[in-house]
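> Numbering (our numbering), first residue to last: 21 to 487.
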DNA sequence: GAGCGCTTACT
DNA sequence: GTAAGCGCT
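#1: I'd like the ranges of any alpha helix (DSSP H) spanning at least 4 consecutive residues and lying wholly in the segment 159 to 227.
#2: Under three-state DSSP, which class holds residue 111?
#3: In chain order, what are the residue ranges of uninterrupted alpha helix (DSSP H) at least 4 long that sit wholly in the segment 37 to 65?
#4: Please name the residue in 343, 52, 225, 317 whose C-alpha comes closest to that of residue 281.
#5: Excluding the 5 residues flanking residue 380 on each side, which residues of the same chain have their C-beta closer than 6 Å to its C-beta?
#6: Using a Cβ-Cβ cut-off of 7 Å (strictly less than) and excluding sequence neighbours within five positions of residue 150, which residues of its own chain qualify?
#7: By how many angstroms is the C-alpha of residue 446 removed from the C-alpha of residue 437?
#8: Please classify residue 299: does DSSP put it in a helix, a strand, or coil?
#9: Grab me the residues of residue 51's own chain with a C-beta within less than 6 Å of its C-beta, minus the 5 sequence neighbours each way, in chain order.
#10: What do you reckon, are the CB atoms on residue 421 and residue 317 nearer than 9 Å?
#11: State the CB to CB distance for the pair residue 110 and residue 24, rounded to an integer number of angstroms; the pair is presumed to be in contact (CB under 8 Å).
#12: Could you name each continuous alpha helix (DSSP H) segment of 4 residues or more that falls completely within the segment 96 to 159, going from the start of the chain to the end?
#13: Could you pull out every residue in the same chain whose Cβ sits closer than 6 Å to the Cβ of residue 482, ignoring the five residues on either side in sequence?
#14: Just how far apart, CA to CA, sit residue 179 and residue 220?
#15: For residue 409, is the classification buried or exposed, using 16 other Cβ atoms within 10 angstroms of its Cβ as the cut-off for buried?
#16: Have a look at residue 396 and residue 39 and give me their C-alpha separation to the nearest angstrom.
#17: Classify residue 293: buried if its beta carbon has 16 or more other beta carbons within 10 angstroms, exposed otherwise.
#18: Assuming residue 348 and residue 431 form a contact by the criterion Cβ under 8 Å, report the distance between their Cβ atoms to the nearest whole angstrom.
#19: For my contact list, residue 138 and residue 112 are in at a C-beta cut-off of 8 Å; report their separation, rounded to the angstrom.
#20: How far does the alpha helix (DSSP H) with residue 23 in it extend, from its first residue to its last?
#21: Are the segment 293 to 303 and the segment 143 to 157 touching, with three or more C-beta to C-beta distances below 8 Å?
#22: Between residue 401 and residue 310, what straight-line distance do the alpha-carbon atoms span, to the nearest angstrom?
#23: Given this structure, state the Cα-to-Cα distance separating residue 485 from residue 478, to the nearest angstrom.
#24: Exposed or buried, residue 382, counting other C-beta atoms within 10 Å across all chains shown (16 or more means buried)?
#25: Measuring only the C-alpha atoms, how far is residue 63 from residue 206?
#26: Do you know how far the Cα of residue 370 is from the Cα of residue 467?
#27: Determine the contact status of residue 214 and residue 73, defining contact as a CB-CB distance below 9 Å.
#28: Rounding to the nearest angstrom, what Cα-Cα distance links residue 390 and residue 295 in this structure?
#29: Would you grab the beta carbon distance between residue 253 and residue 416 for me? Rounded to a whole angstrom, and I think it's under 8 Å.
#30: Leaving out five residues before and five after residue 284 in sequence, what residues of the same chain have Cβ atoms less than 6 Å from its Cβ?
#31: In the DSSP assignment, find the unbroken alpha helix (DSSP H) run with residue 491 in it and report its ends.
#32: Would you say the beta carbon of residue 210 comes nearer than 8 Å to a heavy atom of the ligand ADP?
#33: From this set, 363, 480, 453, 306, which residue's C-alpha is nearest residue 469's C-alpha?
#34: Quick one: is residue 308 buried, meaning 16 or more other Cβ sit within 10 Å of its Cβ, or exposed?
#35: Alpha carbon to alpha carbon, what distance is there between residue 32 and residue 204?
#36: According to DSSP, is residue 232 helix, strand or coil?
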C-alpha cells in the first residue's frame, strides 16, 4: 500500500501519481503543516478547504477516504505510514525553494523509517530542464522559450484511478475550519473550489470566450479570461486536461482569427511554465532581484502611499479599481495586475516585495512562480531584457483598456455616476471640479510625470550611471 | 566543439 | 541594453 500525499494536486483525475503502476493500492492524505501555513493566507486556505471537501467526497463515494492530518509533514506522514503499514509515499514534485526544502525533510524522515518515496512531475507539461537554450541553459527570455515550448509534443491527460486501486481508510478525519487553522475569514468572496468547478471553468471558457481571447483579454470590464488561475495554482484541474481541451478548441475554431486566439491563450500556459522554470533554477528570486544592478535600487519608504495603494485610494481610477477588485474577490484581472504593479514600483517608487507580499496574502491564485515573475517583470528586475525602460502610464492604460470606465465604476462606487471622460481625466481636474464630480474620491496622491522622471533617475543610479 | 562576432528581437 | 541563435573558425 502506498500513501499519496495531495498538496497542490487537489483532483482525482489527470493525476499522474494516482495511476502510476507501482502500487497495488493507494491511500490519499492531505497535511496541514504549520511551516507551510505560515506562508498561506485566508483566501487560498478557504479555496483549499472547499477543494478538499470535493476531493474527499470523490474518495468516499468509492469506499475510500481522504485522510486529513495536522502537524509537521515529515512527522505526520511517517506516523501514518507506520500505522497503516504503507511501504511508500508518493507526491507531485514541488518547484519552489520552500516546497523543495520541505520535501527533502520528508524524504529524509521517511528514508529513516525505511519507507520509499516516489515523486512525479505532474504540474507542468514540460518539467524544468526539459526546455533549454541550444547550449543547455535555462531560458531567461520568454519568446525563445515559447518557440520551443509551442512545438514540443505534449502528454495527454490520464483518467482517475479505479475504485479497486483505492485503500480503505483506517479512520475518519475531519476537515478543519479556517478558525481551527488560526485564520480569520477572508474579507473577499472566494470563488468556489473543487475539481468539478474547475471542469466547468475550463469548458465554459473553451466553448466560447477562448475564441475572442486575443481581442478581449485585456479589457477588464469584459473579462473574457479563463478564471482558471486558482484551479491551476491549487491543482483542481490537471495541466494536461487543460491543454487537451484547448487543443480541441483550436481544432473546432471557426476561422483563422479564432485559431490565433487559442494560440494566444496557449502562450499564457507557456508563461506559467516559463516562470516555474525560472523559479526552479533561481529559488532566491522570491526575495531577491532576478537581475543584478550595480547598486541597490533605492526604493522609497512611504507607508502612507503603500497603504493608499492597498486600500485602492491613490486617486488613479484604474489602479484603485484593481486594488478594490482584489479586496472584494481575492482576484484581479491580469491586465490590471500589470498596471497596479507598475504604479507601485514606478510611480510610488516602492519595493516590488511590498506588492508581492500583499498579493501573496490577498490573491486566491497566488503561487510564487507566476506572482514573482509578474512582479519582477513590472519592476524591471526580472527576466526579459527590454530595449526601453518599462513604465506604464496609468491614465493611458485606463483609457485604452477600460474606455467606457465600466470596470472602474463597478469597483470604485465613489465614481459610480461619473462620466468616463471625467474619470480618465481625473488627474487634470482642479480640486473644485473633483469635489463637484465625486466628493468622496481622492485626488491623485502623486504626479505621474514627476514620478516617471524620478523612477528613471532611481534606476540610473542603480545602474551606476548617475549620482 | 567551444569561442567569436554578427544579427535579431525583446509581449 | 542584452539574450540567444547562427555561421564561421
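Glycine included, every Cβ here is placed at the ideal spot set by N, Cα and C.
The short version:
#1: Within the segment 159 to 227, the runs of alpha helix (DSSP H) at least 4 residues long that lie entirely inside it are, in chain order, 162 to 171, 215 to 226.
#2: DSSP, reduced to helix, strand and coil, places residue 111 within a strand of the structure shown.
#3: 54 to 57
#4: 225
#5: 386
#6: none
#7: 14 Å
#8: helix
#9: 89, 93, 96
#10: no
#11: 5 Å
#12: 117 to 132
#13: 313, 315, 317
#14: Approximately 17 Å between the Cα atoms of the pair.
#15: exposed
#16: 37 Å
#17: Its Cβ being crowded by 16 or more others within 10 Å, residue 293 is buried.
#18: 7 Å
#19: Between residue 112 and residue 138 the Cβ distance is about 10 Å, and since that is not below 8 Å, they are no contact.
#20: That residue, residue 23, is in no alpha helix (DSSP H); its beta strand (DSSP E) goes 22 to 26.
#21: yes
#22: 6 Å
#23: 10 Å
#24: buried
#25: 6 Å
#26: 15 Å
#27: Pairing residue 214 with residue 73 gives a Cβ-Cβ distance under 9 Å.
#28: 6 Å
#29: With a Cβ gap of about 31 Å, residue 253 and residue 416 do not count as contacting.
#30: 233, 234
#31: Nothing in the structure corresponds to residue 491, since the chain is present only between 21 and 487.
#32: In the structure shown, the ligand ADP is absent, as is every other ligand, since no ligand is present at all.
#33: 363
#34: Flag for residue 308 reads exposed.
#35: 29 Å
#36: helix
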